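See structure below.
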């Protein structure tokens, strides 16, 4: 079975719980570790499959012939392996990737990494999206992570099925008709009425996560206070529960074979997701090429995914490591990353390059950057706690109970909040 990038992302979010509980004390924020100097001629890079363009990585040795470059694709639980290496203080890479869902955790270990501002990152700041730059920065302004990619969200839909159901099908018309969650749901009800057994939403958690991502807060604040019982989470919960109540949720897990089959059959002709979901759909529903389109997400964009490169304090040649990072992640190479690995650029200059401005025949010749580019610029900036994934899990579990077991949404909300508070207490969130 092919596992979608979304499913891997969700696995990463859920998998942070155990690491967050047991590792913080072991690593600490130790500014005395490692060195900020060195002129080693041999530099290593750790990243994961799909985390960077392999072609760009391979070109580093040609671009920097004065050093020996040793990239390694680390399989399995990347974060756990990096944490173990930091804890042991042995065999650290000179450059390492950090996944977007893990950046908040590593902010708690900021002393283990160099401040990239001290290497000249500030001079490049204007070339990258401001909110993404902030996401890689500690509260004191120290830049830990240099932006690789982002995951601006949108509405993917099958124009042929929408048209068959009597719904708007052209991008401009869909944009106008489904600009809010309420109007999106209204069209979902019409879709199901016109084509019984056809659904607008894959699963309730999809709506919940998107709605949370549209806000400027998450589950805990910078003072480690639990805020998962506040209005922004409750509103997202109510939207997800409404999708279930209206009967427009297919109750099928994203990234699985059932969802893939539904995309092909047209029984799930819509998908709320990040730019990289395009690759999932193309892979899973190849025969539907030309039938899909992309429109802005109801009520505004969110971000899902996107990663960073960092330089550990133990790097043997920080100056050269920074030169490598900034070359790999310039606009031209980010455009190559989009072509090679569906990594949506964090450098807006890339949006004007042919790799992103070309018409996409899978999406009926649409130039999808016309949707994703504006979305990328409007993503709200939120404080992200290293414990967000731990605190999110009870909400996802209880939403599943509402969706698949018919649990009362009010009772499920109360239980979710209580379970999230208990989970927070275990990791020091009060």
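Residue numbers (the numbering used here): 571 to 1000. Note that the Cβ used here is the ideal one computed from N, Cα and C, for glycine as well. These figures come from a predicted structure and were not determined experimentally.
Within the model, the alpha-carbon separation for residue 681 versus residue 659 is close to 13 Å. Residue range 638 to 643 is occupied by the beta strand (DSSP E) that includes residue 640. Here residue 873 carries a strand assignment [DSSP, helix/strand/coil].
Under the three-state reduction of DSSP output, residue 768 falls in the coil class, being neither helix nor strand. In the structure shown, residue 686 adopts helical secondary structure according to DSSP, grouped into three states. With 16 or more neighbouring CB atoms inside 10 Å of its own CB, residue 843 falls in the buried class. Straight through space, the alpha carbons of residue 715 and residue 808 are spaced by roughly 34 Å.
Contact between residue 912 and residue 846 holds, since their C-beta atoms are separated by about 5 Å, short of 8 Å. The alpha carbon of residue 644 has as its nearest neighbour, out of 665, 625, 636, 635, the alpha carbon of 665. Bounds of the alpha helix (DSSP H) holding residue 675 are 673 to 677.
Residue pairing for residue 936: DSSP places it in a beta bridge opposite 930.
DSSP places residue 666 within a strand segment (E or B) once states are collapsed to three. The criterion of a C-beta distance shorter than 7 Å is not satisfied by residue 754 and residue 641.
Between the C-alpha atoms of residue 898 and residue 985 there is a straight-line separation of about 46 Å.
Boundaries of the beta strand (DSSP E) around residue 727: 723 to 728. Residue 614 is classed as buried because its beta carbon has at least 16 other beta carbons within 10 Å across all chains shown. Assignment of beta-bridge partners to residue 879 by DSSP yields 667, 716. Nearest neighbour of residue 668 by Cα position, chosen from 654, 688, 617, turns out to be 617. When the alpha-carbon of residue 972 is set against those of 811, 703, 662, the nearest one is in 811. Straight through space, the alpha carbons of residue 629 and residue 672 are spaced by roughly 27 Å. The beta carbon of residue 757 sits closer than 8 Å to those of 737, 738, 747, 748, 770, all from its chain and outside the five residues before and after it, given in chain order. A contact between stretches requires three or more CB pairs, one per stretch, nearer than 8 Å, and the region 699 to 707 fails this requirement with the region 825 to 837.
In this structure the region 864 to 882 does not lie against the region 953 to 973, because fewer than three pairs of beta carbons, one per stretch, are closer than 8 Å. Rounded to the nearest whole angstrom, the CA to CA distance from residue 743 to residue 998 is 48 Å. In this structure, residue 866 sits near residue 941, with a CB-CB distance shorter than 7 Å. The Cβ-Cβ distance between residue 767 and residue 820 does not fall below 7 Å. Using a 10 angstroms sphere on the CB of residue 945, the tally of other CB atoms reaches 16 or more, which defines it as buried. For residue 969, the closest C-alpha among the options 960, 958, 981 is that of 981.
Counting of Cβ neighbours within 10 angstroms places residue 661 among the exposed residues, the total staying below 16. With fewer than 16 other CB atoms across the displayed protein chains lying within 10 angstroms of its CB, residue 935 is exposed. For residue 614, the enclosing beta strand (DSSP E) starts and ends at 612 to 617.
For the region 766 to 849, the full-length beta strand (DSSP E) segments reaching 3 residues or more read 840 to 844 along the chain. Taking the CA atoms as reference points, residue 967 sits about 12 Å from residue 979. Put simply, the backbone Cα of residue 697 is about 42 Å away from that of residue 992.
Annotation for residue 839: 727, 728, 731, 732, 768 place their beta carbon closer than 7 Å to its own, counting only its chain and skipping 5 residues before and after. In the structure shown, residue 996 adopts helical secondary structure according to DSSP, grouped into three states.
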